[in-house]
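Novice:
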Amino acid sequence: MGSIVAFANQKGGVGKTTTVVNLAAALRERGWSILLVDLDPQANLTAGVGVDPAGQESGMGELMLSRRVSFDDIIRECSIPGADLAPSGIELADFDINAARERGRERILAGRLEEVRENYDLVMIDCPPAFNLLTVNALTAADGVVVPVQCYFYSLQGLASLTATLESIREAYNPGLELLGVLATAAETGTVIARTVIERLQEEFGKKVFRTVIRKSVRVAEAPMYGLSMLQYAPGHDVSQAYRELAREFARRL
């Protein structure tokens, strides 16, 4: 049965979706079967792998709120060869309200993923940039969580609340949830701020910090414009190589 990993951070713009796309592409190069789950109403993951969010009749929102919708109904091919996508759906925007009266509302995603997890080596969940009911569902369903952190001072704020949130999820819903790693992203090589942020992360999380560091590059921002991963858009680029290193490190931890 495949592993389920959530990619979460309550701050936006930290490279969460970028990490999911490019780590998935690197793992696919290693032969892993992958299901990408876009749990963010903004649908950046869906668009980032070449699927038009507006062109989908149904997606994760409909799946989470209706037993009449199955994964077979929503799974799409995407630009990462061989990877499947469960796209974001418009109903996700109102999920907290619509699911408020559901019994076991924190475990909806966990129950639905049981239908398909055995078909994949890895299910990767892209969480919204908030600790709302969608993120609670993702962390309740997951075996592990990866936390991308951008190498800027403000990105360090809120990490204490993140640790507290993960502990709350373990106590209430998912005692087996493991912090697989903290990933430093958008690092400007040689700068004091990048070095300081990485040192602070290592002080707080120790060996949980991935040794791989993803440096800042305009090419990383360009790739989603074409619905491609960095490994497709610029396969020989240093950042693409870094994601391949991350895939090796991630695979050992998993």
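Heads up, the sequence shown is in the numbering used here, so the first residue is 141 and it goes up one at a time. Ideal Cβ placement from N, Cα and C applies to all residues, glycine included.
(1) In this structure, what does DSSP give as the bridge partners for Glu307?
(2) Can you tell me whether DSSP reads Ile230 as helix, strand or coil?
(3) Got a sec? Which residues, its chain only, sit under 8 angstroms from Ala382 by beta carbon, not counting five neighbours each side?
(4) Would DSSP call Arg393 helix, strand or coil?
(5) Counting along the chain, where does the beta strand (DSSP E) carrying Met143 start and finish?
(6) Could you tell me which residues DSSP pairs with Leu323 in its beta bridges?
(7) On the three-pair Cβ rule with 8 angstroms, is the region 222-229 touching the region 187-207?
(8) To test your reading of the DSSP string, which unbroken beta strand (DSSP E) runs of 3 or more residues are found completely within the region 200-246?
(9) Using CA coordinates, which residue listed in Ala239, Leu296, Leu225, Ile144 is at the minimum distance from Ser198?
(10) Does the region 261-272 come into contact with the region 162-178, if we say contact requires no fewer than three beta-carbon pairs (one atom in each stretch) closer than 8 angstroms?
(11) Would you say Gln150 and Phe271 are within 9 angstroms of each other, going by their C-beta atoms?
Specialist: Working from what's here:
(1) Counting from one through the sequence shown, the residue named residue 307 turns up at place 167. Partner(s): none; Glu307 has no beta bridge.
(2) Indexing the sequence shown from 1 puts residue 230 at position 90. The answer is helix: DSSP assigns Ile230 an H, G or I state.
(3) Translated into positions along the sequence shown, residue 382 becomes position 242. Closer than 8 angstroms at the Cβ level, and outside the excluded window around Ala382, lie Thr352, Val353, Ile354, Arg355.
(4) The residue given as residue 393 occupies position 253 in the sequence shown. If DSSP states are grouped into helix, strand and coil, Arg393 belongs with the helices.
(5) Numbered from 1 along the sequence shown, position 3 holds the residue referred to as residue 143. In the sequence as displayed, the identity of residue 143 is Ser instead of Met. Counted as a single uninterrupted DSSP element, the beta strand (DSSP E) harbouring Ser143 occupies residues 143-147.
(6) Along the sequence shown, one-based indexing puts residue 323 at 183. Pro288.
(7) As far as the Cβ criterion goes, the region 222-229 touches the region 187-207, which means the pair count is three or higher.
(8) Unbroken beta strand (DSSP E) stretches of 3 residues or longer found wholly inside the region 200-246: 224-226, given in chain order.
(9) On the sequence shown, position 58 is the one that residue 198 refers to. Answer by Cα proximity: Leu225.
(10) yes
(11) The count along the sequence shown starts at 1 and reaches residue 150 at position 10. The count along the sequence shown starts at 1 and reaches residue 271 at position 131. Yes, Cβ-Cβ distance for Gln150 and Phe271 is below 9 angstroms.
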